[in-house]
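A quick write-up on the structure given underneath.
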Amino acid sequence: MDLVLCHTTADFDALGAAVGLCVLRPGSRIVLTGGCHPTVRDFLALHRDEYPLIERRSVNPQQIRSITIVDASGRDRLGKAAEWLDLPHLNEIAVFDHHKEAPSDIRATVSQIEAVGATTTLIVEKLKNQAENSDTPSRLLPSEATVMALGIHVDTGSLTFEGATARDAIALAWLMEQGASLRVIAEYVEPGLSPQLQDLLREALNNLRSETLHGYSIAWVLLSTESYVPGLSSLASRLLDLTETDALLLGNVYKFGENENNRNIDPESPVSNRLTIIGRSRIEGTNLSELFKPFGGGGHARAASLATRDVDPLLTLNQLADQLKTQIPHPPTARELMSSPVRSIRPETSVGEAHRILLRYGHSGLCVVDAGDRLAGIISRRDIDIALHHGFSHAPVKGYMTWQLKTIAPDTLLPEIESLMVTYDIGRLPVLENGQLVGIVTRTDVLRELHQQKARDRGSSAEFSNCPVPESVEQLLRSRISPELWQLLSIAANIAQNRGWQLYIVGGAVRDLLLATDDTLALTDIDLVVDGKCGSDDSGAGVELASSLQKLYPESRLDVHGQFQTAALLWHKDSAFGSLWVDIATARTEFYPYPAANPEVEASSIRQDLYRRDFTINALAVRLGVPRSGELLDFFCGLLDLESKQIRVLHANSFIEDPTRIYRAVRFAVRLGFEIEPQTEGYIRHALASGIYYRIQGENGRAPALETRLKSELKYILQAPYWKVALQMLGDLQALRCIHPSLELDRELWRQLRLLDRCLNGRRKKEGTTRILTRIHGLMIDGESRVRGKKEEGIGKKEEKEKATILKAQSPIPNSPFPIINIPDWQMRLEVLIAYLAPEYRGKVAANLQLPADSIKRLQLLEAGKNELAEKLPKCELPSQLVLLLRNYELPVLIAIALQSPRSARRQIWEYLTKWANVEPPLNGNDLKALGYKPGPGFKRMLDDLLAAKLDGDLGDRAAAISFLAQRYPQA
């Protein structure tokens, strides 16, 4: 365990430096050795879960590998944690500080103490240097950049303190580029006030008028001064923070005549004056700039000002306050924010079992309910970790849970929820309705809503040039799909709303909608997710919604999969919908009991449903129906990844749990023209190198993900026009090992696949086919020398042009000498991959992938056929010998043998396929009967002799054939 220690009463500089070190050294944990500054405490009450903080008491000293101290260099500032510095097994003790004059008594192995304004600056410089010198630089998370920026702001007085340096300013600028939140910085940074402003602050606090509306606090005050006062904006910000007001109008009236120096202006009476009003708002939907515009004012939606003269100051301020109230929107309620259903346990559940449940579902806490399903308490991951640390895994959770709880109702407003969390340092609030637990609101839910409000305020179009802002998604969807499909979605949303459910369109449809450049979007496959509990039966809300829709659309077919709480509506060549598949599922979570297993599915929330998906770009959802219809749900930065054109996985174990995601990552990357994000590629390589899949197959006898699910992904790739690029990428990742540990895409296998491709292309129609077949024949026979050392296509421009003419057609050549292959191209390619394995593995791998029985048999017998032909083909001197030998083999077997055979054998097989395979005897069985021969086993011998004679050039016309029979088979 690598620890970063903050000094006692940690400030923002210590916290910011510690967070930065955890970015530099992934896996490190932060310990607050003895409390923190009140402002930091308030900040962590809302943002704690975003940083790798760990309780001092839950640290096992024997597991500590290294210790780094930030913003301090003396043991006396580390409290009891200073004892850890004496541990004999530590690999490293590092100190980062900016107090050069402070004495140090820590025996550090690494030390950096420099005269800058903030310790965080030293860490930011390291991060900046790492990003600039990396081939694949990664951005900081906004939460990381923000807390580091706060550290520099607070310790340098926003670059105004004497100790501030240019290095601090450069570090701050870089953090702003990385996405530091100015709103959060402004909320926690406290600039100083001049003596005059301090006097006015006291006066404002004494005369402030306020009102609460929709959970928001609005305040206004009018101050009188002798003359204009600079710095009123700072006063307004300080007043906003001190009063915890959500919106403030600060008015200042003063005389402007030469002889009018009376400070005691009566604000109630109209006088010749000047009036300045400063406005500040934290409320989404308010626009102070528009509010002040009639008076000549302006600014930003959340910060604006006006200056006017000769008006009644108090009347004007009151009127503006009333108009501001009309702008205040109704904030989100707990019902809109909460996750439901809630994972719960009984008080008697052991700590060890609770820990297992947390691990399974990725939760940070669990609700505890009694036998009557009434809320009894909450136990957090921290509580469980400490209990486990002290050896109480067997103890019931009721001894460790928190039972004095703060709860909320479904109609509790967001501001009240946020206030409860900050005031009581609560990470989750249960939602109770009629005494029953119906949901839970977490810090994450609140932070996400606040972030989305911020995104809506500033407008996403400035950040995502290729993706629409959230407000326009519904309009975009409606404009790009058919009116009939939009009506279907609207009806489904209304049905869901009437049952108290939320309906979302999710996955690929949302991704393609955001990426589409055309005015129309042809959706043939739509995934809908219902977030809600079905009270009628156990089939799930998704099944109930699909059943209701099918009654309104009887021409559709309803398929139900109750085990997975899903249903599908299918239209085939419908006049309105064409061929359409609408999959409707209940929001669910999934758990893999072991790597590469089939997942176990349970009902859950929309967030958990999106978290179970493969990549961030496929974990997007659009809300259908009120409230907030058209809202884009992006919990995992999928919009950023669409903009960056990268494939990013949702969690580190994703490929361990489901190896088919490796193939999907490649498929989406090639199909969309994206790159696989570097860390995601690292997860792929780690999963493949771990050998976990083969170990699981040995332990469990099978790995379901490597059976039909893997075959499906191989089919998607091998039948796509981009299969070559995708297969090369899989080869580079060594992902063909999912088929078998020994399978790699080396030069020989690549040569065989490309020869097969030319063989398959040789049976497609186009003008000039004979000439092109001849050309491809040459490539098939002696093309291996051309393959080596060339790029993917491996042939010249002329050959490439000729090949392209073939690829445009898909049907067999009329009257072509080339036999028809009744196996899909993708399956032929897959069989070539499997055939490249050692003979003893081929049948087993084919059976594992659940290929057709004839395919398995072909692969099992391939080696024997190859050996037989290797022995007999050199002995075939006449065409008849060649035909009589090779006609006993299926066409796919011959092609597979040819690909693995030397050039001479390949030439003979190709000659048979293109020249002799379709030659027939000059007479048939009816002709033999007409000539007086009696049907029987001899017919086959006679016909074979006729065919051999024709192939070898010994027969000319029909008369010659009859004469041949008369000589060889005279009749009595």
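Mapping the sequence shown onto my numbering, position 658 (from 1) lands on 732, and the numbers just tick up by one.
Beta carbons: idealized from backbone N, C-alpha and C, even for Gly.
Just so you know, these numbers come straight off a predicted model, no measurement behind them.
With H, G and I counted as helix, E and B as strand and the rest as coil, what does DSSP make of residue i?
i       : result
Asp76   : strand
Asp688  : coil
Val263  : coil
Glu674  : strand
Val512  : strand
Gln186  : strand
Glu841  : Caution applies to Glu841, whose pLDDT of 34 falls short of 50 and renders its modelled position unreliable; the value that the coordinates give is listed next. Looking at Glu841 - three-state DSSP - the assignment turns out to be coil, as it is neither helix nor strand.
Leu282  : coil
Gly501  : coil
Glu629  : coil
Pro269  : helix
Ile194  : The identity of residue 194 in the sequence shown is Thr, whereas the question assumes Ile. It is helical.
Ala450  : strand
Arg103  : strand
Asp116  : helix
Ile969  : helix
Asp160  : helix
Pro1054 : There is simply no residue 1054 to check, as the chain begins at 75 and stops at 1046 in what is shown.
Leu152  : coil
Residue i lies in the beta strand (DSSP E); which residues open and close that run?
i      : result
Tyr737 : Not the beta strand (DSSP E): Tyr737 falls in the alpha helix (DSSP H), residues Thr734 to Leu746.
Ser132 : From DSSP, Ser132 is part of no beta strand (DSSP E); its letter is neither H nor E.
His227 : Run containing His227: none in the beta strand (DSSP E); it sits in the alpha helix (DSSP H), Pro216 to Thr230.
Thr350 : Arg348 to Ser355
Tyr328 : Ala321 to Tyr328
Ala240 : Ala240 -> not in any beta strand (DSSP E); alpha helix (DSSP H) instead, spanning Ala240 to Glu251.
Trp318 : Note that residue 318 corresponds to Glu in the displayed sequence, not to Trp. Looking at the DSSP string, Glu318 is not in any beta strand (DSSP E), and its letter there is neither H nor E.
Val144 : Ser140 to Val144
Glu664 : Arg662 to Phe665
Ala168 : Glu166 to Asp171
Looking at the secondary structure, which residues open and close the alpha helix (DSSP H) in which residue i lies?
i      : result
Tyr498 : Leu488 to Tyr498
Ser718 : Gly712 to Ser718
Gly917 : Pro913 to Asn922
Ala461 : Arg455 to His463
Asp87  : Phe86 to Leu98
Arg903 : Asp899 to Ala909
Glu731 : Ser728 to Glu731
Can the beta-carbon of residue i be found closer than 8 angstroms to that of residue j?
i      : j      : result
Leu823 : Tyr910 : yes
Ala223 : Ala254 : yes
Gly501 : Gly439 : yes
Gln571 : Gly699 : yes
Ala428 : Ile458 : yes
Leu313 : Ala278 : yes
Gln982 : Leu935 : no
Lys174 : Ala189 : yes
Leu780 : Pro815 : no
Asp688 : Arg722 : no
Ala240 : Glu199 : no
Arg383 : Arg354 : no
Pro489 : Pro405 : yes
Pro995 : Leu960 : no
Could you please give me the residues that DSSP links to residue i through a beta bridge?
i      : result
Tyr290 : Leu287
Gln974 : Paired residues: none, contrary to the question.
Cys950 : In the DSSP output, where bridge partners are listed per residue, Cys950 has none listed.
Trp655 : Asp599 and Leu644
Thr299 : Tyr328
Val700 : Answer is none; Val700 lacks a bridge partner.
Ala695 : Val580 and Leu707
Thr476 : Ile452
Asp110 : A small fix is needed here, since residue 110 is Cys in this sequence, not Asp. Bridge partners of Cys110: Ala84.
His635 : Thr640
Compare the C-beta of residue i against all C-beta atoms of chain D and say whether one is closer than 8 angstroms.
i       : result
Lys1014 : No chain D is present in this structure, which holds just one protein chain.
Exercise. Note down, one range per segment and in chain order, each beta strand (DSSP E) of at least 3 residues found wholly within the segment 365-438.
Key: 377-383
Exercise. Entirely within the segment 764-822 and at least 4 residues each: give me those alpha helix (DSSP H) ranges in chain order.
Key: 766-774, 782-792 and 797-807
Exercise. Just list the beta strand (DSSP E) runs in the segment 547-598, keeping only unbroken ones of 3 residues or longer that don't cross its boundaries, in chain order.
Key: 576-580
Quiz prompt | Continuous alpha helix (DSSP H) assignments of at least 4 residues falling wholly in the segment 973-1041 | solution = 977-985, 999-1004 and 1012-1025
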